[in-house]
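Here the sequence shown stands for residues 1 to 472, numbered as in the UniProt record's numbering.
Below is one structure, written out as C-alpha cells; comments come after it.
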Amino acid sequence: MLKLFNTLSKKIEKFQPIKDKRVSIYSCGPTVYDYVHIGNLRTYLFNDILRRVLIYDGYKVKQVMNITDVGHLTDDADSGVDKLEKGAEREKKTVWDVAKFYEKEFLNDIRALNILMPDKLPHPTDHIKQQIKIIETLVKINFAYDAKEAVYFDVSKFPDYTKLSGQKLKDKKQAARTEVVKDLSKKNPADFALWFKLTGKFADHSMHWPSPWGEGFPGWHIECSAMSTEYLGQPFDIHTGGVDLIMPHHSNEIAQSQSASGKPLANYWLHGEHLLIKSGKPGHLDGEPRRMAKSENNFIRLKDIVDKGFSPLAFRYLVLGAHYQTKLNFSWESLRAAQNSLDHLLDLISELKGSPGKFMCADYAKAFDREINNNLDTARALSLTWRLLKKPNPDKLKISTIKKFDKVFGLDLLKGALIRKKIPNKIKELAKTRERLRKQKEFGKADDARAELEKLGYEINDTPEGPVVKKK
Ligand code: AMP
Ligand code: ZN
Numbered sequence: 001m002l003k004l005f006n007t008l009s010k011k012i013e014k015f016q017p018i019k020d021k022r023v024s025i026y027s028c029g030p031t032v033y034d035y036v037h038i039g040n041l042r043t044y045l046f047n048d049i050l051r052r053v054l055i056y057d058g059y060k061v062k063q064v065m066n067i068t069d070v071g072h073l074t075d076d077a078d079s080g081v082d083k084l085e086k087g088a089e090r091e092k093k094t095v096w097d098v099a100k101f102y103e104k105e106f107l108n109d110i111r112a113l114n115i116l117m118p119d120k121l122p123h124p125t126d127h128i129k130q131q132i133k134i135i136e137t138l139v140k141i142n143f144a145y146d147a148k149e150a151v152y153f154d155v156s157k158f159p160d161y162t163k164l165s166g167q168k169l170k171d172k173k174q175a176a177r178t179e180v181v182k183d184l185s186k187k188n189p190a191d192f193a194l195w196f197k198l199t200g201k202f203a204d205h206s207m208h209w210p211s212p213w214g215e216g217f218p219g220w221h222i223e224c225s226a227m228s229t230e231y232l233g234q235p236f237d238i239h240t241g242g243v244d245l246i247m248p249h250h251s252n253e254i255a256q257s258q259s260a261s262g263k264p265l266a267n268y269w270l271h272g273e274h275l276l277i278k279s280g281k282p283g284h285l286d287g288e289p290r291r292m293a294k295s296e297n298n299f300i301r302l303k304d305i306v307d308k309g310f311s312p313l314a315f316r317y318l319v320l321g322a323h324y325q326t327k328l329n330f331s332w333e334s335l336r337a338a339q340n341s342l343d344h345l346l347d348l349i350s351e352l353k354g355s356p357g358k359f360m361c362a363d364y365a366k367a368f369d370r371e372i373n374n375n376l377d378t379a380r381a382l383s384l385t386w387r388l389l390k391k392p393n394p395d396k397l398k399i400s401t402i403k404k405f406d407k408v409f410g411l412d413l414l415k416g417a418l419i420r421k422k423i424p425n426k427i428k429e430l431a432k433t434r435e436r437l438r439k440q441k442e443f444g445k446a447d448d449a450r451a452e453l454e455k456l457g458y459e460i461n462d463t464p465e466g467p468v469v470k471k472k
C-alpha cells in the first residue's frame with residue numbers, strides 16, 4: 001500500500017487513485033530560457049522515482065510535464081521581465097529559437113539521468129485558447145478583474161488561498177509590497193496576473209496573442225491550470241514540483257482552477273526539497289549551504305559533472321541516497337563518494353554468476369516494497385540492496401531481485417555491472433596486489449602498483465567499502 005506525504009493535508013496519506021489502477025500526474029517542468037541545473041534535475045529525479053514506484057506497484061501512469069516557453073517572469077510577484085525575452089536578448093536570437101534550443105538540452109539531460117520521458121510535454125504557446133477560456137470564466141464570475149496592465153485574479157475571493165502553503169495572507173501581502181515594480185491597478189498586492197497586456201514595461205513584448213482584453217500574453221500560473229486539465233481532466237491524481245512552487249505558483253494554480261470549475265485541481269500535492277550548495281560568492285561568505293539557483297549564480301550543470309569525469313548516474317545515485325523531503329547538500333566530495341559507491345555496487349553485482357530468472361529473494365523483495373511504498377524511501381531501499389549483496393543467498397536469486405529493484409532505481413545496475421566486468425583480470429589482480437601491499441604497510445610499493453595501473457589506463461579509488469577500479 002503506497003503512502004505519500006500530501007502538502008495539502010500536511011500528512012502522510014494512503015494513496016487512492018481516482019480510477020482504479022490508473023494514475024494521472026502533472027509535474028511542473030522547466031522554463032526553457034537557459035540550461036537546467038542539477039538542483040532542477042533533483043526535482044525531476046523525484047518525479048521520476050514517484051512514477052517508477054507507481055509503475056512498480058502495477059499502476060498505469062500518465063504523466064504530463066509542461067515546457068514553459070512564455071509568461072514566466074524573473075520575479076514571482078508579477079514584476080520583472082519574461083524569462084524567455086531575457087534569454088532572447090542575451091543570445092540575440094528569437095524567443096522561439098531560444099526555447100527550442102534549451103528544450104532539447106533539457107531532454108538530453110533527463111535522458112542521461114534515465115528519467116522516464118513524460119507522456120506529454122505541452123507548451124503554453126500551443127494552448128493560448130485554453131488559457132483564455134479559464135480567464136474568461138474567472139472574469140465572468142467576478143473572481144478576476146480587467147486592470148490597466150493586466151487581468152488579475154482577485155485573491156480575496158478565494159478563502160482557501162493559503163491552504164497549501166499554510167502561510168498567512170498578511171505575510172504574502174507584505175512580501176509583495178516590498179516589490180520595486182508594481183502595477184498600481186492591482187486591488188490587492190497578493191493578486192496575481194492571468195493575462196498581461198502589451199502596455200508599460202511589456203509594450204515591446206515579442207510574443208503576443210489577441211484576447212478579449214486586447215493583445216497580450218498569459219501569466220505563468222494559468223498555463224499549468226489549462227494544460228493539466230486539458231490532458232488529465234479535473235481533478236487529476238497527483239501534482240508535483242519543488243517546494244519553492246508551493247507559493248505562489250501552486251497556490252495560484254489551485255485558486256484559479258478551483259474557482260473556475262468548482263472542483264479541486266488535484267488530490268495529492270507532492271513537493272521535493274531543494275539541492276543546496278556552499279559557495280564563496282559575495283554575500284555567501286557565512287559558508288552556509290544555500291539553494292542552488294540561477295539567480296544565486298551558484299549552479300552546476302549536468303555537463304559540468306560529466307566534464308569532471310563523473311557519470312550522470314552517479315548523480316542519480318547521490319539523489320536516491322537522500323529522502324526527497326530532505327534538503328540535500330551538494331559537494332564534489334559527496335558526488336565522488338556516490339560515484340565510488342555506485343562503482344563498487346556494480347563490481348559486486350558483476351561478481352554474481354548466472355542470469356536473472358523468475359524467482360527472487362522474497363524477504364528482500366518484500367522489504368523493498370515496504371520501503372519504497374513508505375513515502376518513496378529510496379535511501380533505505382538502497383541500503384537494503386547493499387545488505388542483499390552481502391547475504392549468502394544464491395547468486396541467481398540476487399540478480400533477479402536486483403533487476404526488479406532497478407526498475408525503481410533506474411541505475412542500469414545489470415548493464416553497468418556487465419560493463420565493469422570487462423575490466424581485464426590483469427588489472428583486477430594488480431589492484432588486489434596494491435591493496436595487499438597497503439595492508440602490509442608497504443606504501444612505496446603500493447604506490448608503484450597504482451602508478452602501473454594508471455599507466456595502463458585505469459584509476460583506483462579508495463572507498464569505505466574498499467578500493468574501486470575503473471577505466472580513466
Ligand atoms: P524553475 O525553472 O525555477 O521553474 O524550476 C524548475 C523546477 O526545479 C521546479 O520544480 C523547482 O521547484 C525546481 N527547483 C528549482 N531550484 C531547485 C533546487 N535548488 N533544488 C531542487 N529543485 C529545484
Ligand atoms: Zn506549474
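Yeah, the Cβ is synthetic: ideal placement off N, Cα and C, and Gly gets one too.
Keep in mind the model is a prediction, meaning the values are calculated, not measured.
Once you ignore the five residues that flank residue i on each side, which residues in its own chain have a CB closer than 8 Å to its CB?
i, result
"His208", "Leu198, Glu215, Gly216, Phe217"
"Glu452", "Leu430"
"Lys157", "Asn142, Phe143, Ser259"
"Gly457", "Lys471, Lys472"
"Arg434", "Ala446, Ala449, Arg450, Leu453, Ile460, Pro467"
"Glu230", "Pro122, His127, Gln130"
Which residues does DSSP list as the beta-bridge partners of residue i?
i, result
"Val468", "Asn461"
"Thr68", "Thr31"
"Trp195", "Val151, Pro218"
"Asn6", "Lys11"
"Tyr145", "Tyr152"
"Trp209", "Gly216"
"Asp82", "Leu73"
"Lys63", "Checking the displayed sequence, the identity of residue 63 turns out to be Gln instead of Lys. For Gln63, which the question treats as bridged, DSSP gives the partners Ile25."
"Ile120", "Looking at the sequence shown, residue 120 is not Ile but Lys. Answer is Val64, bridged to Lys120."
Might you give, ordered along the chain, the residues of its own chain that have their beta carbon closer than 7 Å to the beta carbon of residue i, omitting 5 neighbours on each side?
i, result
"Lys14", "Met1, Lys3"
"Thr401", "Met360, Cys361, Tyr364, Ala365, Leu388"
"His323", "Asp377, Ala379"
"Ser211", "Ile132, Trp195"
"Lys263", "Gln234, Pro235"
"Phe106", "Pro30, Val32, Val36"
"Arg316", "Leu45, Leu113, Asn114, Gly410, Leu411"
"Ile246", "Thr7, Leu164, Ser165, His271"
"Ser334", "Leu318"
Report all residues from its chain with a CB closer than 6 Å to the CB of residue i; omit the five preceding and five following residues, and keep chain order.
i, result
"Ser24", "Lys62, Leu232, Phe236, Asp237"
"Ala381", "Phe368, Glu371, Ile372"
"Asp76", "Pro248"
"Arg177", "Model confidence at Arg177 stands at a pLDDT of 41, short of 50, so the residue's coordinates are unreliable; what they give is reported in the following sentence. So the qualifying residues of the chain are Pro189."
"Phe46", "Gly272, Tyr324"
"Lys173", "Legend: pLDDT at Lys173 = 49, less than 50; position of this residue unreliable, no value from coordinates given."
"Lys353", "Asp395"
"Trp213", "Asp146, Val151, Trp195"
Check whether the Cβ of residue i sits closer than 6 Å to any heavy atom of the ligand NAD, and report yes or no.
i, result
"His274", "This structure simply doesn't include the ligand NAD; it includes the ligand AMP and the ligand ZN instead."
- prompt: In chain order, which continuous runs of the alpha helix (DSSP H) of length 4 or greater are located wholly inside the stretch 8-59?
  reply: 38-56
- prompt: Which residues, in chain order, sit with a beta-carbon under 5 Å away from any heavy atom of the ligand ZN?
  reply: Cys28, Cys224
task: Decide if the stretch 26-38 is in contact with the stretch 101-113; the criterion is three or more beta carbon pairs, one per stretch, under 8 Å apart.
output: yes
Alpha helix (DSSP H) runs wholly inside the stretch 319-400, at least 4 long, in chain order: 332-350, 362-373, 378-390
- prompt: Quick one: complete beta strand (DSSP E) runs, 3+ long, within the stretch 233-291?
  reply: 236-242, 266-272, 275-277
- prompt: Quick one: any contact between the stretch 288-297 and the stretch 44-62, if contact means 3 or more CB pairs under 8 Å?
  reply: no
query: With a cut-off of 8 Å, do at least 3 Cβ pairs link the stretch 384-393 to the stretch 342-349?
result: yes
message: Three Cβ pairs or more, each shorter than 8 Å: is that satisfied between the stretch 389-408 and the stretch 353-373?
response: yes
- prompt: Do the stretch 159-169 and the stretch 247-255 touch if we need at least three Cβ pairs shorter than 8 Å?
  reply: yes
- prompt: Pairing CB atoms from the stretch 299-313 with CB atoms from the stretch 108-122, are three or more of them under 8 Å?
  reply: yes
message: Please give me, in chain order, every unbroken run of the alpha helix (DSSP H) with length at least 4 that falls completely inside the stretch 402-428.
response: 413-421
- request: Check whether the stretch 267-280 touches the stretch 240-247, taking contact to mean three or more Cβ pairs, one atom from each stretch, closer than 8 Å.
  value: yes
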